[in-house]
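Q: Sharing a structure here in structure tokens format.
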Amino acid sequence: MQLSPPEHLVSQAHRSRPKRWFWSWWRRQSPARQDRVATLAPLASVLLFLAAIVAAFWYLRNEEVEREVESVKRDAELVQQQIRLRLIENQEQLIRLAREVGTHAIDRAQFLAQAEGMVRNRPEMIAISWLNPRQQVLARHVTANLVEAMPRDLAASEASSEAPRPKETTDAFKDARDLRQPIYSRPFRQNPHLVVFQVHVPLIEQGAFAGTLVAEYSLESMLRYFVPAEVSRRHVVSLVDEDEEMLASTVTPQRGRAAPTLVYSVPFSPVDHGVMLRGEGYRTSFGLIGNTLFWMVLALSVLTVWMLLGTWRHMRRRSQIQGALVQETNFRRAMENSMLTGMRAMDMEGRISYVNPAFSAMTGFTEAELIGRLPPYPHWAPELLDESARLLRQELAGLSPAGGFEVRVMRKDGTRFDARMYVSPLIDARGHQTGWMTSMTNITEAKRVRDQLTASHERFTTVLEGLDAAVSVLSVQNGELLFANRSYKLWFGSDARWHAQLAGEPSATSRGDRDDAVDNLSGLPTAELTELGADAREVFVDTLQKWFDVRARYLQWTDGRLAQMLIATDITARRRMEEQASQQAERAQVTSRLVTMGEMASSVAHELNQPLAAIANYCNGMISRAKAGTLQQEDLLMALEKTSRQAHRAGQIIHRIRNFVKRSEPQRTPSRAADLVEDTLELAGIVLRRHNVAIHSYVAQRLPQLMVDPILIEQVLLNLIKNAAEAIDQAQRPPQRRTIELRVVPRHTPEIGGVIEFTVTDTGPGLKEEVISRLYEAFFSTKTDGLGIGLSLCRSIVESHHGRIRAENLYNGTHISGCRFTVWLPVGNLGASEPSQFAEHL
Ligand code: ADP
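What follows is the structure, encoded as structure tokens:
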């Protein structure tokens, strides 16, 4: 709570010095301390007031008590004085009477008359007696009052001289006798109702003791007659003995009466003997009035303190609430300021009553420019005034949609942005609606992103729909078709079974099924599955008479489910082309072989000529011998055997050539490299002889078997040997350098693994740069009569056997000394060759 005084009060020039000091001190205090002071100061002043009242009362009461004591003292002394004077006066009367009795001036009757006269005039005196020296009553007059007042027997016993005498009486008598002067006795109780004392006046008869005159006083009467009425009204006057026992009092003694606080005692002379006259103060009026006032003030003070404490507590609660409110307000303000959403409050007429910093930042209008504005607002775009006014009317009528509405807002600089507004009623502390609160979010970016998303979705769908491939997504869990593009629907409808069949279900009408392409991924965790792609499969669909290239992939669908996506591309046309190409390739191989044989025709004829000539020779020789009759049987047999061998050899040549050129389906059989080399060399011999080139061959021992089509491999080797021979011929090498080397050795290459390596090395001119780059191109030849399909075929055949072919020049220094072709064929089990792969190089 801030209790600083308003500035205008503080800054007054004429304020006094202490005031200035106070305010400067006040401002130096912390707010908490100011609070404490502001709370405790009234409390302290009330307590001070109470203390002052108490002190005043205490002082007044002391004053009163002192006055009262004084008055008690005065009254007591006054009474004592009166009684003393009376007793002395009485004593003198008694002395006079005693003298008359002592001198015998009066007799007993006269004594009684005088005594009666004396007693009558002195109500305090109850009896006068004449005692002889033996203390016997000679005459006694008792007051009439007492006789009336006292019971008969008592009065009688008073009168009788035989009554036992109290000790006090005897003591006084003896003292009077011994001292020859009037002696007052100790007061004593004559009967329960009467306390008396006596004065003994000695009777002197011619210098001798002749008894005493005894006057008896009632203490009770003494007080009754000698305490003035106003004194007895004010105070209690009593007589007490030395033991503080009450002998007589102006009031009847009551049991349980509080001990009087104001007491003044004076000795009761001339009686003495420790008897005291005591005055006691009542203080009635002062106590009553003083107390009432005091208690009223006290009660009021307590009430004030209590109320102050209550106020203090209330204030503390208020300040706590205020603190909480300030905190809450600060929190809200901080929240409002940090918030990116614009907030605008307006009253029921649409007058803007509040905008937060975000609203100002978004629109560019300051708070001052917006607050108090009625529609049309400055942030309404001029071209949309009608629309904005309609929306505002809707807003004020409370009809805005709960989901908000979109508007175009104009910034101060004239630029526009799209915003979404939400409206909620503004309710005050009493629950009445005072207006509307509008929150505004800039959705330009969101809208742009949404538009982009829509556009990209559209593009995506267009692409997907426009694809010639059928794209489908199937839920793995329940086999539901999640997505199918137009092509899929066109070919397969909305049937999910086709997806499964294409993906490789057992019932699929596929022809190109391979074991390793079968989907066996089910059961793997989603994350691992989606990482995996499946190999492409080629599937033939009977009903459509189409070939499809099917690629499957696992993916996580938009809802998190595991799904399988399938892309089935129609490859029927490609398949047909491939088939055609493979047929062409096959034809090309055969043609190539025919061409080779055609080229070799003269050599073949020459080759066949030899055995045929030998056969003719043997036959002619045998004929001439037969004619001459010198034909021995052994000779005949030998000649026939030779003839038969030559015929066999000719047949072998023809058989081999026939085999080589025969058109056949490629067929792999387990083949030994040595056999392949042997057959090749047999055929190559014809070519080599034609070019006058020799061949050295080396085949390593214990080579593993190859799984190849022997005819095709022989064709490869023959091609290479033929090219080598032609190159040597072309280089016109001298006879000693006209050799080809054929080596067959086992190898291990990192690329393929275990292989058998065939190398054909010649001593020709080698390969020129431009030739190397186009070596395996079909129909590329540097020869005038060359077809240029030899190496191309070689590469196709080798690669269809999963092998490799490589050509390199051999150098002698910088001089090319020849050329080497290397063919690697893998050992071990091999899959069936694919005709299509032959075709792609044609
Ligand atoms: P062709 O032999 O009908 O020309 P090839 O495809 O067999 O067709 O050979 C293509 C070309 O490669 C040849 O024309 C030749 O220039 C070159 N060539 C092939 N083998 C050799 C070799 N051993 N030495 C030099 N050049 C060669």
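Take 1 as the starting number for the sequence shown in UniProt numbering and just add one per residue. Positions of the beta carbon are idealized from the N, C-alpha and C atoms, including for glycine.
1) Work out the CA separation of residue 109 and residue 97 for me, nearest whole Å.
2) Can you check DSSP and say which residues form a bridge with residue 437?
3) Use the C-beta contact count for residue 46: other C-beta atoms within 10 angstroms, 16 or more gives buried, fewer gives exposed.
4) Applying the 10 Å Cβ sphere with the 16-neighbour rule, what's the burial state of residue 75?
5) At 3 residues or longer, what runs of the beta strand (DSSP E) sit wholly inside the stretch 545 to 626?
6) What number of angstroms, rounded off, separates the C-alpha of residue 646 from the C-alpha of residue 619?
7) Looking only at C-alpha atoms, which of 492, 415, 644 sits nearest to residue 363?
8) Tell me, to the nearest whole angstrom, how far the beta carbon of residue 395 is from that of residue 355; I am working on the premise that it is less than 8 Å.
9) Grouping DSSP H, G and I as helix and E and B as strand, with all else coil, what is residue 810?
10) Compute the Euclidean distance between the alpha carbons of residue 856 and residue 392, then round it to the nearest angstrom.
11) When the Cα atoms are used, what is the spatial distance from residue 159 to residue 127?
12) Just to confirm, are residue 195 and residue 113 a CB contact at a threshold of 9 Å?
13) DSSP has residue 746 in a bridge; who is on the other side?
14) Alpha carbon to alpha carbon, what distance is there between residue 557 and residue 566?
15) Let me make sure I understand the geometry here. Which of 412, 734, 456, 331 has the alpha-carbon closest to that of residue 379?
16) How would the residue list near ligand 3 read, in chain order, if you kept each one whose beta-carbon is closer than 7 Å to any heavy atom?
17) Indicate whether the contact test is met: 3 or more Cβ pairs, each with one atom in the stretch 439 to 449 and one in the stretch 464 to 471, closer than 8 Å.
18) When the Cβ atoms of the stretch 89 to 106 are set against those of the stretch 210 to 229, are three or more pairs found closer than 8 Å?
19) Tell me the DSSP secondary structure of residue 694 in three-state form.
20) So, with DSSP's three-state summary, where would you put residue 279?
21) If you draw a straight line from the alpha carbon of residue 501 to that of residue 675, how long is it in whole angstroms?
22) Which whole-angstrom value is the C-beta distance of residue 277 and residue 263, which I expect to be below 8 Å?
23) Are the CB atoms of residue 197 and residue 275 nearer to each other than 9 Å?
24) List in chain order: all unbroken alpha helix (DSSP H) runs of 4+ residues lying wholly within the stretch 648 to 711.
25) Can you list, in chain order, the residues of its chain whose CB lies under 7 Å from that of residue 523, leaving out five sequence neighbours each side?
26) Pull up the distance between the alpha-carbon of residue 705 and that of residue 733, whole angstroms please.
27) Check residue 185 in the structure and name its three-state DSSP category.
28) Do you know whose CA, among 201, 189, 168, lies nearest residue 176's CA?
29) What ranges does the alpha helix (DSSP H) occupy inside the stretch 203 to 231, keeping only unbroken runs of at least 4 residues that lie completely in it?
30) Compare the C-alpha of residue 297 against each of 48, 563, 188, 337 and name the closest.
31) Could you give the distance in angstroms between the alpha-carbon of residue 482 and the alpha-carbon of residue 503?
32) Taking the alpha-carbon positions, what's the residue 600 to residue 687 distance?
33) Between residue 594 and residue 661, how many whole angstroms is the CB-CB distance? I'm expecting something under 8 Å.
34) Give a yes or no on whether the C-beta atoms belonging to residue 738 and residue 693 are separated by under 9 Å.
35) Using a Cβ distance threshold of 8 Å, determine whether the stretch 576 to 596 contacts the stretch 482 to 491, with at least three qualifying pairs required.
A: Concretely, from the data shown:
1) 13 Å
2) 345, 424
3) buried
4) buried
5) 546 to 556, 562 to 570
6) 12 Å
7) 415
8) Not a contact, Cβ separation roughly 15 Å.
9) strand
10) The structure shown has nothing for residue 856, since the chain only spans 1 to 842.
11) Residue confidence for residue 159 is low, a pLDDT of 47 falling below 50, so the modelled location carries little weight and cannot support an answer.
12) no
13) 756
14) 13 Å
15) 412
16) Looking for ligand 3 in the displayed structure turns up nothing; the ligands present are ligand 1.
17) no
18) yes
19) strand
20) strand
21) 47 Å
22) No, residue 277 and residue 263 are not in contact; Cβ-Cβ is about 11 Å, not under 8 Å.
23) yes
24) 673 to 691
25) Because the pLDDT at residue 523 is just 49, under 50, the model does not fix this residue reliably, and the value given afterwards should be weighed accordingly. None.
26) 36 Å
27) coil
28) 201
29) 219 to 226
30) 48
31) 15 Å
32) 6 Å
33) 5 Å
34) yes
35) no
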